[in-house]
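Participant:
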Amino acid sequence: MRQHDKSFMVLEVAEASSGYEERMIEENNISALLKFSKVKVNGVQQYNYCISRMENLEDFLEARDLTLDVFRRLILNIKLAYEEISKYLIEESHIFLSKETVFLEKSNDSFKVSLCYYPCDIGGVQQQFRALMEYFLKLVPSDNRELAEYIYNAYDLCLKNDFTFEEILDSLQEKEPESEIHLERIDPYAFDDNQEDEFLQEEFVTQGENLSELFDIDNREKSNRFTGLFDSVKSFLNTRIQFKDEYESVGEDFIIDPDYELEERTVLLSDVKPTGKLVYDGQNQEDDFLVNKDVFRIGSGKNNDAVLRERTVSSNHAKIIREGDDFYLSDLNSTNQTYLNNEPLVYKIPRKLKIMDKISFANVNYIFQ
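For the sequence shown, position 365 (counting from the first letter as 1) is numbered 352 according to our numbering, and the numbering increases by one without interruption.
#1: Near D205, which residues of its chain fall below 7 Å by C-beta distance, leaving aside the five closest residues on each side in sequence?
#2: Report the option in T322, L76, L21 and N140 whose CA atom is closest to the CA atom of R117.
#3: Closer than 8 Å is the cut-off here; do at least three beta carbon pairs connect the stretch 309 to 320 with the stretch 38 to 50?
#4: Return the first residue and the last residue of the alpha helix (DSSP H) that L6 is part of.
#5: Using CA atoms only, rank isn't needed, just tell me which of E(-1), L146 and T88 is closest to N29.
#6: Look up V333 in the DSSP assignment and say whether it is helix, strand or coil.
#7: Output the residue ranges of the beta strand (DSSP E) runs that lie fully inside the stretch -3 to 82 and measure 3 residues or longer, sorted by chain position.
#8: Go ahead and label S219 buried or exposed: buried means 16 or more other beta carbons lie within 10 angstroms of its beta carbon, across all protein chains shown.
#9: Pop quiz: I138 and L124 are said to be a contact at Cβ under 8 Å. What is the actual Cβ separation, rounded to whole angstroms?
#10: Measure the Cβ-Cβ separation of K289 and L277 and say whether it is below 8 Å.
#11: Kindly indicate the opening and closing residues of the beta strand (DSSP E) around Y353.
#12: What ranges does the alpha helix (DSSP H) occupy inside the stretch 119 to 145, keeping only unbroken runs of at least 4 residues that lie completely in it?
#13: For D46, count neighbouring C-beta atoms within 10 Å of its own C-beta (all shown protein chains included) and say buried if the count is 16 or more, exposed if not.
#14: Going by DSSP in three states, L327 sits in which element: helix, strand or coil?
#15: In chain order, what are the residue ranges of uninterrupted beta strand (DSSP E) at least 3 long that sit wholly in the stretch 260 to 295?
#16: Over the uninterrupted beta strand (DSSP E) stretch that includes I307, give me the two end residues.
#17: Taking the alpha carbon of S80 as the reference point, which residue from D275, Q114, V26 and I308 has its own alpha carbon closest?
#18: Quick one, are the C-beta atoms of F283 and D292 less than 8 Å apart?
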């Protein structure tokens, strides 16, 4: 919902459970909480949270690569937010912790987390954070085993009922590099026969012990166990979340039927995905763009798929989602809004695109083809 230049997230509440907490929030400027106002609509209590110039956690991470540093800073900011809120005796179960309700305000390379007060019991912080960790696990790049290990170890801690944010942060500390073992090259001809035999015999025993430490056989076995365990847990989570791109296991028959192979190739060729196009409709120096990804992001930030130069365009302004043969446009809580055929879009509510639709990112106009 938007009012003039402000945008809001609206949540309905069946029955508020704590008048004391709301009085505390009204009387104190709690920076860790989203500002909100209340209104009754058709007998239903609505809470309107001001989210102007913010993006929720899902949009924030969708626009960036998940790294260990970003993950660690997110957890630290959430921890600090809970610490501030606890000073006002607000129940942890009244903080709505999810990828849709955690909001971030970005400033240069730093960001500030704001949490959502919701006056109903929606579960303790451990329960909600555990669900959030499952979301983080989905975002780990398959080729980044180091990051996967850190996040899985953090998730493993979350399976305890009484874990703390301090424990999570401790598990995310980067490991110190192991000290290198320098092997000195010895010239056996520098000794006489007796000294040489005695020296080589002693050194052989010592080096044999060091080699087992050098190759760290136990750790390699642990690493292999971790790899299998992580893959099985991630597979389990993916099944629960119902990813679309699952692959059926291939049988052990090594003889390929030529007709079957031809049929498979035909299916693959028919799976070519449609491509849309954004054609610039203005007098400045903006480019045209092919919409050739399932999630195509538009904004002035350099990490977007379509980078616009106009300063009225927000860093992460809008996105186009491709689903089958259809394309859907969504605003990302931009400062100057996104318009479809001159109608402003509501944050998080996608609109289906048609050929020759006019799209305006602030005052930058495009035609969808």
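Ideal placement from N, C-alpha and C gives every residue a C-beta, glycine not left out.
Since the structure is predicted, the reported quantities are computational estimates derived from the model, not experimental observations.
Facilitator: Reading off the structure:
#1: Residue confidence is low: D205 scores 47 on pLDDT, short of 50, so the model does not pin down where it sits. Its coordinate-derived value is still stated next. Cβ neighbours of D205 beyond the five flanking positions: none.
#2: N140
#3: yes
#4: Reading off the sequence shown, one finds Gly at residue 6, where the question assumed Leu. Its alpha helix (DSSP H) spans residues G6 to E14.
#5: E(-1)
#6: In the three-state reduction of the DSSP assignment, V333 falls in the coil class.
#7: 23 to 28 and 31 to 37
#8: With a pLDDT of only 48 at S219, under the threshold of 50, the placement of this residue in the model should not be trusted, and no figure is reported.
#9: 6 Å
#10: no
#11: V351 to F355
#12: 132 to 145
#13: buried
#14: strand
#15: 263 to 267, 276 to 278 and 282 to 286
#16: A305 to E310
#17: It is Q114 whose Cα lies nearest to the Cα of S80.
#18: yes
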